[in-house]
Ligand SMILES: C[S@@+](CC[C@H](N)C(=O)[O-])C[C@H]1O[C@@H](n2cnc3c(N)ncnc32)[C@H](O)[C@@H]1O
């Protein structure tokens, strides 16, 4: 299929092509070449909120599974009658490859994965380690864990699939050389630090925004009770179940305590290259969008106090003890003056004092995220 036709049909390139373009390391690319994706994908998947069944739409199913996109494999935690919110997926292969590259797995290392999902990433880890017995993967959903167990066994990987809460790790086989999470966390669990060998790595999607739509890939070296390192890139992953936050933002309809013209508009939050650094520099808030009779409005809601802001095309309304939009505009101006550093210039330290984001080095400008 030509690139133009592919674009017209709204398909992304195959993941094999995407991996070549993305400059993935040879070891990781070889693992992908040895472990095909489709044996791990269930017959029913979801695309744009609708089910796609392999039996009735085999070509569509195959195209979706071959593309460099996430394939949704469960919605609403498997409970019927929900909103169709994705709760498990096979992540986009180029993102998985970037995470495996960051994890830098060597032969014979002990590895723990949190978020088994389909089991495909666990199979890739087995290939990289060379010994399935040294790979343990944890899935919170018993139905998914059982399915992944079957798929891994059928593909010849006798790895350990544990059904349980991955936030607790799996102490029986600790310490691990490598810990990888394939779901987003805001609080990196203490158990992951305690179960990682000194000098070992934790690679996990991290987001300071409770339940927020996007985060960053953290690559943390564990040493002396701290986990520390630079972020690798921005990315978007579903949340660790226990850290999901779908609470309603406060005061969506409250009378404003302050109304003023917008200095820098809501595009601050609509462009990920701006929004992600802001989420690192301004702690304890989240945002969303909502349609109103006045057109689309961006809302911002604090997670540490009843503070809020509503950003219209021409004005911002604010209330509560924090002036959230003022904080975001100030942080944006500071970031702009600093030459607009990208997420890979920021890093994270996790330890007894909680989570601290810094710019450049751990001793650089820093922000406490609790
Ligand atoms: C993006 S999917 C994982 C993709 C998977 N690695 C693969 O190769 O298919 C995220 C998974 O994390 C699981 N999960 C969420 N919270 C969890 C927890 N507390 N412990 C273990 N797994 C969890 C979800 O059920 C979901 O299957």
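In my numbering, the protein residues as written are 1081 to 1450. Where is the CB? At the ideal position from N, CA and C, for every residue including glycine.
Here the C-alpha atom of residue 1202 lies approximately 39 Å from the C-alpha atom of residue 1379. In the three-state reduction of the DSSP assignment, residue 1170 falls in the strand class. Rounded to the nearest whole angstrom, the C-alpha separation of residue 1424 and residue 1436 is 15 Å. Annotation for residue 1200 indicates a beta carbon within 8 Å of some heavy atom of ligand 1.
Cβ-Cβ distances below 7 Å link residue 1395 to 1339, 1340, 1341 and 1342 in the same chain, with the five nearest sequence neighbours on each side left out; the list follows chain order.
One Cα belongs to residue 1198, the other to residue 1418, and the distance between them is close to 42 Å. As summarised for the stretch 1369-1414, the continuous beta strand (DSSP E) elements at least 3 residues long and confined to that stretch are 1375-1382, 1388-1391 and 1395-1399, given in chain order.
In the same chain as residue 1386, and ignoring 5 residues on each side of it, the C-beta atoms closer than 6 Å to its own belong to 1330 and 1400, in chain order.
Here DSSP, grouped into helix, strand and coil, assigns residue 1257 to strand. Judged by DSSP in its simplified three-state form, residue 1147 adopts strand. Contact annotation: residue 1282 and residue 1250 have beta-carbon atoms that are not nearer than 9 Å.
In the DSSP assignment, residue 1429 falls within the unbroken beta strand (DSSP E) covering 1426-1431. Residue pairing of residue 1350 in beta bridges, as defined by DSSP: absent, with no partner found. The Cβ atoms of residue 1320 and residue 1175 lie no closer than 9 Å to each other. The beta-bridge partner set that DSSP reports for residue 1175 is empty. Distance from the CA of residue 1373 to the CA of residue 1290, rounded to the nearest whole angstrom, comes to 28 Å. Uninterrupted alpha helix (DSSP H) stretches at least 4 residues long and entirely within the stretch 1191-1247 occur at 1200-1209 and 1222-1234, given in chain order.
Between the stretch 1106-1126 and the stretch 1232-1239, the count of C-beta pairs closer than 8 Å reaches three or more; the two stretches touch. Exposed is the label assigned to residue 1165, since fewer than 16 other Cβ atoms lie within 10 Å of its Cβ. In the DSSP assignment, residue 1272 falls within the alpha helix (DSSP H) that extends over 1270-1274.
When rounded, the separation of the alpha-carbon atoms in residue 1268 and residue 1350 is 26 Å. Taking residue 1383 as the centre and dropping the five residues before and after it, the same chain places the C-beta of 1290 and 1364 closer than 6 Å to its C-beta, in chain order. Looking from the CA of residue 1316, the closest CA among 1279, 1322, 1274 and 1266 belongs to 1266. Counting only residues of its own chain and dropping the five nearest sequence neighbours on each side, residue 1276 has a CB closer than 7 Å to the CB of 1255, 1256, 1259, 1282 and 1302.
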